[in-house]
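Undergrad: First the structure, which I've put down as structure tokens, then a few questions once you've had a look.
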Amino acid sequence: MNKLLIIIFIAVWSTATAQQTSFKQVNAQEFYRLATTGKGMILDVRTKSEFDNEHIANSQYLNFYALDFKKKLLMLPKDEEIYLYCTTGYRSEKAAKYLAKNGYTKVYNLEHGILEWNLENLPVIEGEPSAKLMADKVSPELFEQSISSDTLVLVDFYATWCGPCRKMMPLIDSIRTQYHPALKVFKVNVDVSKKLIKQEKIIGVPFFRIYRKGKVLFEKDGMLSRKELEAIIEELLKEKMP
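Position in the sequence shown (from 1) plus 4 gives the number in my numbering.
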């Protein structure tokens, strides 16, 4: 009997703990429905330049990379619903986990971030991106021209705030030199190339594609090792052009 009581106690305690440390992942349409009810707080955890570029209406801003970010997160009221988002959902998910760990029970995360929000044609407040960002803008027309080459074209969809993207940059630059002129490298900043990103349905970074004559021959969501990337390129270079 005592053993049974212990088992029941552990099960109840585990369930209560899971509830206390959980948050809800929601898609863009659900996030829109919940966040526009007028209840709770919409919190953008991107950098100020990202927020100024575009953000969801009525959202407040808290920089994920600020030294006092976690301290400020815990200043949020526990009795209100909190709706978190970033560009891809990665940073906001980390914030949601931290809030849940600290006893917040009404936390919602936009799973694939504002990239999915834009794919669903949901409204945003648009600002004026900096001249530096605009210099990286890639239009759909320029993109089509760039991937229509007879040679292989490696497209690197990236964001300046993305840690894995920054880690991949030296490798991509090295690959560009190593395989020139048989391979071209084309980089797309997702934060400013909005029309293109929506067209290509990109919801995460880093994201890589290899094209020849406009046809996708390979794609990968996430990081690649040099060995993996070299093997893929070598195999594609062996293939005969149609």
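By construction, the Cβ of each residue, glycine as well, lies at the ideal position given by its N, Cα and C atoms.
Which two residues bound the contiguous beta strand (DSSP E) that contains Phe222?
TA: For the purposes of this step, residue 222 is taken as residue 218 along the sequence shown, with counting starting at 1. Taken as a continuous stretch (DSSP letters only), the beta strand (DSSP E) holding Phe222 covers Lys219 to Asp225.
Undergrad: When the cut-off is 7 angstroms and only beta carbons count, does Gln203 lie next to chain B?
TA: The structure shown contains no chain B, having only a single protein chain.
Undergrad: Where does Glu132 land, buried or exposed, given buried means 16+ other C-beta within 10 angstroms?
TA: The residue given as residue 132 occupies position 128 in the sequence shown. Label assigned to Glu132: exposed.
Undergrad: Taking C-alpha atoms, which residue in Ser96, Lys242, Gly218 and Glu204 lies nearest to Asp48?
TA: Indexing the sequence shown from 1 puts residue 48 at position 44. For Asp48, the nearest C-alpha among the options comes from Ser96.
Undergrad: Please work out which residues of its chain come closer than 6 angstroms, Cβ to Cβ, to Ala20, disregarding the five sequence neighbours upstream and downstream, and give them in chain order.
TA: Taking the sequence shown and counting its residues from 1, the one referred to as residue 20 is at position 16. Its pLDDT being 45, under 50, Ala20 is placed unreliably in this model, and the coordinates cannot settle the point.
Undergrad: What is the DSSP secondary structure of Ile46, counted as helix, strand or coil?
TA: Within the sequence shown, numbered from 1, the residue matching residue 46 stands at position 42. DSSP places Ile46 in strand when its eight states are reduced to three.
Undergrad: Which term fits Ile86, buried or exposed, when burial requires 16 or more other beta carbons within 10 angstroms of its beta carbon?
TA: For this step, residue 86 is matched to residue 82 along the sequence shown. Buried, since its Cβ has 16 or more Cβ neighbours within 10 Å.
Undergrad: Assuming contact is defined by CB atoms lying nearer than 7 angstroms, are Pro168 and Pro210 in contact in what I supplied?
TA: Locating residue 168 in the sequence shown gives position 164, where the first residue counts as 1. Locating residue 210 in the sequence shown gives position 206, where the first residue counts as 1. In contact: Pro168 and Pro210 (Cβ atoms closer than 7 angstroms).
Undergrad: State buried or exposed for Thr51, treating a residue as buried only when at least 16 other CB atoms are found within 10 Å of its CB.
TA: As a first step, residue 51 must be located in the sequence shown, where it is residue number 47. By the 10 Å Cβ count, Thr51 comes out buried.
Undergrad: If distances are taken between C-alpha atoms only, which option among Glu34, Lys74, Gln33 and Cys90 comes closest to Ser53?
TA: Stepping through the sequence shown from its first residue, residue 53 is reached at position 49. Closest option to Ser53, Cα to Cα, is Cys90.
Undergrad: Thinking C-beta only, is His116 closer than 7 angstroms to Ile207?
TA: Taking the first residue of the sequence shown as 1, we reach residue 207 at position 203. Taking the first residue of the sequence shown as 1, we reach residue 116 at position 112. Yes, they are a contact pair.
Undergrad: Confirm, please, whether the CB-CB distance from Ile214 to Leu158 is below 7 angstroms.
TA: On the sequence shown, position 154 is the one that residue 158 refers to. On the sequence shown, position 210 is the one that residue 214 refers to. Result yes, Cβ atoms of Leu158 and Ile214 sit closer than 7 angstroms.
Undergrad: Are the segment 53 to 64 and the segment 99 to 112 in contact at 8 angstroms, needing three or more beta carbon pairs?
TA: Output reads no: the segment 99 to 112 does not touch the segment 53 to 64.
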